[in-house]
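In our numbering, the protein residues as written are 46 to 482.
Some notes on the structure that comes next.
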Amino acid sequence: MLLHVGIDDTDSPKGGCTTYIAATLIQKFVKMGVRFADYPILLRLNPNAPWKTRGNGAICLRIEFDDELEFKIKKTIIEEVEKQADFNCDNTNPGIVFHKGSIPEEMEYFSKKVVQTIVKLEEAEELINKFCCNAIGFKNRRGLIGALAAIGGTLKEDHTFELLTYRLPQYRGKKRILDKKSVFEMDKLETETFNNIDYDTNQILIAPRGPDPVLYGIRGETAESVFNGFKIVKPIEPVECWIIYRSNQGTDQHIEKKYKISELKEFNPATIHAKILKMPWIILGGHVIFKIYDDTGEIDCSVYEPSGKFREIIRELRPEDEVIVSGSIKKIEESLTVNVEKIEILNLVDIMKLSNPKCPKCGSATESMGIGQGLRCKKCGYRDLTLTKNIEKVDRKIKVKTYLPPPRAERHLTKPLKRYGIEKKLFNELLFQPWHS
Ligand SMILES: [Zn+2]
46 MLLHVGIDDT DSPKGGCTTY IAATLIQKFV KMGVRFADYP ILLRLNPNAP WKTRGNGAIC
106 LRIEFDDELE FKIKKTIIEE VEKQADFNCD NTNPGIVFHK GSIPEEMEYF SKKVVQTIVK
166 LEEAEELINK FCCNAIGFKN RRGLIGALAA IGGTLKEDHT FELLTYRLPQ YRGKKRILDK
226 KSVFEMDKLE TETFNNIDYD TNQILIAPRG PDPVLYGIRG ETAESVFNGF KIVKPIEPVE
286 CWIIYRSNQG TDQHIEKKYK ISELKEFNPA TIHAKILKMP WIILGGHVIF KIYDDTGEID
346 CSVYEPSGKF REIIRELRPE DEVIVSGSIK KIEESLTVNV EKIEILNLVD IMKLSNPKCP
406 KCGSATESMG IGQGLRCKKC GYRDLTLTKN IEKVDRKIKV KTYLPPPRAE RHLTKPLKRY
466 GIEKKLFNEL LFQPWHS
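Put into structure tokens, the structure is as follows:
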């Protein structure tokens with residue numbers, strides 16, 4: 046029997062981690078002789094969902110076993126979720142979905158919808174009733190949405206991998222210490238990994254902050270690359286276990302959909318083809334705001350202070366520059382704003398400036414004498430009524446290309462520049478060994 050198990054929304058700001066439930070289950074399943082039809086899936090859902098806990102990641106295990114094990118396996122899963130989920134947190138509403146056999150297209154479509162928009166619980170329940178064998182929704186049952194989305198996240202096209210390592214219980218909540226040098230070495234040697242380090246600040250990006258049981262994670266193009274990276278990184282504390290997940294991280298899946306400005310909706314990530322309407326300006330706190338327009342309307346875009354140098358790029362935009370802006374849509378004082386996560390510059394307008402010509406006699410700078418008065422040389426005093434100003438093209442400091450905030454300010458789903466042009470078209474179903482331990 047092929048069973049897909051989707052689990053979501055078990056963690057809270059105080060601790061827990063849905064991926065750790067997967068890690069625990071994988072260890073138990075291995076002992077029971079269960080086979081794995083795919084890597085465990087780590088699906089990042091809409092990062093703008095207002096109720097998300099931290100990274101908003103759901104997981105799916107695709108497992109094969111003899112029919113008589115079905116009851117035991119389902120029982121193990123439910124017990125583990127009940128044991129690990131933080132039921133005291135209002136925002137934690139776990140969901141488990143079981144689905145047998147192949148994945149219908151409708152479920153794949155639903156999965157994308159959950160990554161790209163806000164989906165109602167009824168829509169998930171309708172699909173579960175139509176296709177799935179069972180589902181368990183705890184509390185307000187919202188976790189069913191992500192659990193079902195994870196099952197539909199077949200990631201047949203572009204995907205990446207992440208190797209997550211977990212901490213022993215006695216270390217959780219304490220500061221994570223990694224040998225910094227080993228992370229730099231790994232980044233240099235394993236060129237297929239990404240977002241390990243922010244080179245603007247020399248910050249290590251592989252270790253999260255917070256109370257969850259993850260020690261560090263290595264993201265990369267292949268399972269082999271993240272495994273090789275894992276062998277290089279030296280943590281100061283022991284690793285309890287590690288798992289390689291297949292994921293939509295680093296694929297831009299959330300901003301695939303293109304919108305006109307008039308179609309934008311709060312909380313939905315979007316990509317908009319537009320032109321700059323107004324010079325960018327800076328507001329209190331160092332955030333940069335600019336306005337874009339298309340044939341359906343106009344909207345403010347904001348780039349926040351933590352985006353560092355990305356703001357300097359944005360400040361060089363000028364009216365009529367043509368761009369494709371991607372980001373999340375927020376409501377600020379009743380009007381919508383784009384929180385910019387990425388900008389692709391398609392066309393930069395020519396900007397002209399007037400300048401005084403050089404003195405024809407001595408080559409020094411000239412100055413204007415007022416309207417109709419011509420120009421006079423500052424050095425030799427030569428004056429000529431017929432001299433006129435030159436029109437010059439101003440050098441634009443930005444280029445026609447894609448710009449992203451620095452890696453430390455990027456979202457899990459944001460595709461790093463390094464991945465452009467190497468997006469995957471298919472999934473090789475032969476699993477790399479080892480993918481867990
Ligand atoms: Zn002169």
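Beta carbons are placed, not taken as given, at the ideal position from N, Cα and C, and that holds for glycine.
Whole-angstrom C-beta distance between residue j and residue i, which should lie under 8 Å
| i | j | result |
| --- | --- | --- |
| P139 | G188 | 4 Å |
| P85 | Y290 | 5 Å |
| D224 | I281 | 7 Å |
| P62 | P214 | Before going on, a small fix: residue 62 reads as Cys here, not Pro. That pair is no contact at about 13 Å. |
| K336 | K323 | 4 Å |
| L88 | A169 | The pair is not a contact, with the Cβ atoms about 14 Å apart (cut-off 8 Å). |
| I123 | H49 | I123 to H49, Cβ: 15 Å. No contact. |
| E269 | F477 | 5 Å |
| V164 | K158 | 6 Å |
| K423 | S409 | 6 Å |
| T267 | E237 | 6 Å |
| M77 | L114 | 6 Å |
| Y448 | I388 | 5 Å |
| N293 | V160 | 7 Å |
| D440 | T382 | Rounded, the Cβ-Cβ distance is 31 Å, inconsistent with contact. |
Under the three-state DSSP convention, the category residue i falls into
| i | result |
| --- | --- |
| E285 | strand |
| T64 | helix |
| E109 | strand |
| T199 | coil |
| Y465 | coil |
| Q72 | helix |
| N174 | helix |
| M152 | helix |
| T121 | helix |
| G45 | Shown here, the chain extends from 46 to 482; a query on residue 45 therefore has no answer. |
| R22 | Any answer about residue 22 is impossible in this case: the structure gives the chain only from 46 up to 482. |
| Y216 | helix |
| P280 | strand |
| N93 | coil |
| R453 | helix |
| H49 | strand |
| M397 | strand |
| L87 | strand |
| M324 | strand |
| E308 | helix |
| D440 | coil |
| E350 | helix |
| K303 | strand |
| A169 | helix |
| I190 | helix |
Sub-8 Å separation of residue i and residue j beta-carbons
| i | j | result |
| --- | --- | --- |
| C177 | V142 | yes |
| A319 | D339 | yes |
| G197 | M152 | yes |
| M397 | E437 | yes |
| L200 | F472 | yes |
| S347 | I334 | yes |
| T162 | N273 | no |
| R487 | Q298 | One cannot answer for residue 487 here, as it falls past the ends of the chain, which runs 46 to 482. |
| P450 | E357 | no |
| I369 | I306 | no |
| A104 | F110 | Note that residue 104 corresponds to Ile in the displayed sequence, not to Ala. No, the pair does not count as a contact, with Cβ atoms beyond the cut-off. |
| T55 | T137 | yes |
| I374 | L329 | no |
| K145 | L47 | yes |
| V79 | I108 | yes |
| G331 | E350 | yes |
Reference residue i; option with closest CA among the options
| i | options | result |
| --- | --- | --- |
| I190 | S482, P58 and N174 | N174 |
| Q203 | V50, L458 and F81 | It is Asp, not Gln, that sits at residue 203 in the sequence shown. D203 has its Cα closest to that of L458, out of V50, L458 and F81. |
| N435 | E308, P95, G419 and A454 | G419 |
| W96 | K76, K128, G146 and D53 | D53 |
| R254 | G51, I222, T411 and I327 | I222 |
| F536 | G295, T431 and I416 | It is not possible to answer for residue 536, since the shown part of the chain is limited to 46 through 482. |
| E235 | G265, T411, P325 and I358 | G265 |
| K376 | N93, E167 and V164 | N93 |
| I443 | F477, P479, N133 and I390 | I390 |
| K279 | D232, I317 and N313 | D232 |
| W326 | I416, V164, E361 and K165 | E361 |
| L166 | E150, K145, A192 and G146 | A192 |
| E150 | L172, F132 and N293 | L172 |
| T431 | F155, S371, D112 and T411 | T411 |
Quick test of the definition: if touching needs 3 or more C-beta pairs under 8 Å, does the stretch 165-183 touch the stretch 237-257?
no
Can you confirm whether the stretch 285-300 touches the stretch 67-86 when touching is taken to mean that 3 or more C-beta pairs between the two stretches lie within less than 8 Å?
yes
Any heavy atom of ligand 3 within less than 6 Å of residue CB: hits in chain order:
In terms of ligand content, the structure shown lacks ligand 3 and carries ligand 1 instead.
Answer yes if the stretch 420-430 comes into contact with the stretch 402-411, meaning at least three C-beta pairs across the two stretches below 8 Å, and no otherwise.
yes
Check whether the stretch 375-395 and the stretch 356-367 are in contact - that is, three or more C-beta pairs closer than 8 Å.
yes
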